[in-house]
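If you're matching them up, the sequences are chains A and B in order.
With full-length UniProt numbering applied, the first sequence covers 1 to 195.
With full-length UniProt numbering applied, the second sequence covers 1 to 195.
There are 2 protein chains.
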Amino acid sequence: MDAARRDALLGFLALSDRLKHVERAAMTGARRENSGEHAWQVALIAVLLHGEAPDPKPDLARVLSMIAVHDLVEIEAGDTFAFDDKGLATQAAREAEAAGRIFRLLPPDLAAEVAALWVEFEAGATPEAGFAMGCDRLQGFAQQVECGAPAWKAVGLTKARSLVRMAPAIALGAPFAPMIEALYDRALAKGLLLP
Amino acid sequence: MDAARRDALLGFLALSDRLKHVERAAMTGARRENSGEHAWQVALIAVLLHGEAPDPKPDLARVLSMIAVHDLVEIEAGDTFAFDDKGLATQAAREAEAAGRIFRLLPPDLAAEVAALWVEFEAGATPEAGFAMGCDRLQGFAQQVECGAPAWKAVGLTKARSLVRMAPAIALGAPFAPMIEALYDRALAKGLLLP
Numbered sequence: 001m002d003a004a005r006r007d008a009l010l011g012f013l014a015l016s017d018r019l020k021h022v023e024r025a026a027m028t029g030a031r032r033e034n035s036g037e038h039a040w041q042v043a044l045i046a047v048l049l050h051g052e053a054p055d056p057k058p059d060l061a062r063v064l065s066m067i068a069v070h071d072l073v074e075i076e077a078g079d080t081f082a083f084d085d086k087g088l089a090t091q092a093a094r095e096a097e098a099a100g101r102i103f104r105l106l107p108p109d110l111a112a113e114v115a116a117l118w119v120e121f122e123a124g125a126t127p128e129a130g131f132a133m134g135c136d137r138l139q140g141f142a143q144q145v146e147c148g149a150p151a152w153k154a155v156g157l158t159k160a161r162s163l164v165r166m167a168p169a170i171a172l173g174a175p176f177a178p179m180i181e182a183l184y185d186r187a188l189a190k191g192l193l194l195p
Numbered sequence: 001m002d003a004a005r006r007d008a009l010l011g012f013l014a015l016s017d018r019l020k021h022v023e024r025a026a027m028t029g030a031r032r033e034n035s036g037e038h039a040w041q042v043a044l045i046a047v048l049l050h051g052e053a054p055d056p057k058p059d060l061a062r063v064l065s066m067i068a069v070h071d072l073v074e075i076e077a078g079d080t081f082a083f084d085d086k087g088l089a090t091q092a093a094r095e096a097e098a099a100g101r102i103f104r105l106l107p108p109d110l111a112a113e114v115a116a117l118w119v120e121f122e123a124g125a126t127p128e129a130g131f132a133m134g135c136d137r138l139q140g141f142a143q144q145v146e147c148g149a150p151a152w153k154a155v156g157l158t159k160a161r162s163l164v165r166m167a168p169a170i171a172l173g174a175p176f177a178p179m180i181e182a183l184y185d186r187a188l189a190k191g192l193l194l195p
């Protein structure tokens with residue numbers, strides 16, 4: 001490894017620290033969850049649920065690699081709450097711009113690799129991207145149910161509107177659908193969603 | 001997926017949230033880094049450095065799976081600072097006890113799988129465990145150098161004592177050794193370590 005590559009990697013690592021300070025809509029304990037710890041928990045879900053994916057199973061190395069990089073653009077673009085219509089309208093453009101600025105700080109081969117993983121995740125067209133998306137949505141949903149979903153209450157979220165967000169994960173079937181359905185039951189029982 | 005399995009998985013997921021509140025010795029911004037976001041950044045390092053591992057490359061799915069679960073025992077045992085001699089003396093026993101209590105909350109097949117990943121990581125005897133250990137040590141070291149290493153200063157850490165901790169990662173050679181060596185140069189230049 002030459003010095004330029006080494007320094008680019010160390011610089012990128014230092015930059016990535018900022019993802020630990022990107023706040024998400026859900027709470028963990030008395031504070032907002034951040035996108036770094038979120039990404040870890042999404043990976044944990046992937047490890048736990050991979051064995052339950054229908055055959056042929058998605059390639060776990062690619063699933064976990066996608067999960068590790070899927071929110072890096074938020075270092076610049078911030079997290080966009082799933083029910084922030086104004087934020088959602090500009091999300092794709094903001095994140096694409098952030099991707100252009102952030103990934104090119106890596107050595108060129110890794111910049112291309114990380115960009116490809118992120119594009120694959122965002123496009124959602126491969127089995128691996130679908131599985132990673134399911135884990136990501138499940139984490140976000142479970143975290144809201146666990147924390148009492150103040151962000152859902154603040155927008156008066158209905159089950160119907162929530163289902164638009166969760167439909168792609170539910171459409172994956174097992175293992176995601178039964179877990180999300182159980183969480184809907186809990187959310188309604190706790191009054192976190194309007195029926 | 002039957003209801004008992006589904007509920008065990010949701011319960012474990014809720015429990016795992018606590019890893020986001022286990023404080024490590026390093027700072028990120030003005031606060032302590034937590035073990036959840038640490039585990040994410042270790043995974044990012046594994047994704048970025050995997051291509052530079054000597055052939056035959058470690059299995060990335062197993063490396064990333066190990067990284068996702070490697071600190072779960074800290075939910076009960078807490079993080080043990082690498083230079084806390086008193087804590088280190090009891091660490092293995094505390095973590096083994098925590099593993100026994102935490103992993104069995106999973107369905108039995110997953111409890112065995114996660115325990116096996118954790119035991120493999122701790123034993124460090126496979127190429128995958130070695131690579132995961134290198135990523136883990138590199139993350140911890142880089143984070144300290146980045147944050148100004150108040151925890152190192154508090155114990156008057158010398159380079160010689162630090163090297164005892166970092167030797168296994170340096171012994172892996174590329175890509176870890178050159179990155180760690182560059183970080184030692186920075187740490188000494190900044191006065192974070194005693195020479």
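Ideal Cβ positions, reconstructed from N, Cα and C, are used throughout, including at glycine.
Since this is a predicted model, take the numbers as computed values, not measurements.
- Under the Cβ criterion (8 Å, minimum of three pairs), the region 69 to 80 of chain A counts as touching the region 98 to 105 of chain A.
- Interface annotation, B/L188: not in contact with chain A, CB-CB separation never under 8 Å.
- If you look at B/A4, you'll find it in the alpha helix (DSSP H) that goes A3 to S16.
- The alpha carbon of B/V47 has as its nearest neighbour, out of A/L9, A/A77 and A/L88, the alpha carbon of A/L9.
- Looking at the DSSP output, A/M27 shares a beta bridge with A/R32.
- Between B/M27 and A/R6, the C-beta gap is not smaller than 8 Å, which leaves the two residues out of contact.
- A direct Cα-to-Cα measurement between A/P168 and A/G134 gives close to 8 Å.
- Chain order gives no chain B residues near A/H70, where near means a beta carbon separation below 9 Å; the closest approach is about 11 Å.
- B/T158 is bridged by DSSP to B/L194.
- At a beta-carbon threshold of 7 Å, the residues of chain B lying near A/Q41 are S16 and G36, ordered along the chain.
- A distance below 8 Å between beta-carbons, with the five flanking residues on each side excluded, links A/R137 to the following residues of its chain, in chain order: R165, M166, P168, A169, F176 and I180.
- Our two residues, A/D85 and A/Q91, have alpha carbons roughly 10 Å apart in a direct line.
- With the rule of 3 Cβ pairs closer than 8 Å, the region 148 to 158 of chain B counts as touching the region 183 to 195 of chain B.
- Closer than 8 Å to the CB of A/P168 there is not a single CB belonging to chain B.
- Contact annotation: A/L64 and A/A43 have beta-carbon atoms nearer than 8 Å.
- Spanning the alpha carbons of B/L172 and B/E52 requires a straight line of approximately 12 Å.
- For the 8 Å CB-CB criterion, B/E120 and B/P58 do not form a contact.
- The beta carbons of A/F103 and A/R161 sit about 33 Å from each other, so the pair does not count as a contact at 8 Å.
- Cβ-Cβ separation between B/Q41 and A/G29: approximately 20 Å, too far for a contact (criterion under 8 Å).
- DSSP places A/H70 in the coil class of the three-state scheme, outside both helix and strand.
- Closer than 7 Å at the C-beta level to chain A, one finds these residues of the region 50 to 75 of chain B: E52, L60, A61, L64, S65, A68 and V69.
- Chain-ordered, the chain B residues with CB closer than 8 Å to the CB of A/T28 read D17, K20 and H21.
- Using a CB distance cut-off of 8 Å, B/P175 counts as an interface residue toward chain A.
- Closer than 8 Å to the CB of B/I45 there is at least one CB belonging to chain A.
- In this structure, the alpha-carbon of B/A132 lies about 21 Å from that of A/L15.
- In the structure shown, the three-state DSSP call for A/T126 is coil.
- For B/P150, the nearest beta carbon of chain A is not closer than 8 Å to its own beta carbon.
- In this structure, A/R24 is the residue among A/G140, A/L183 and A/R24 with its C-alpha nearest to the C-alpha of A/T80.
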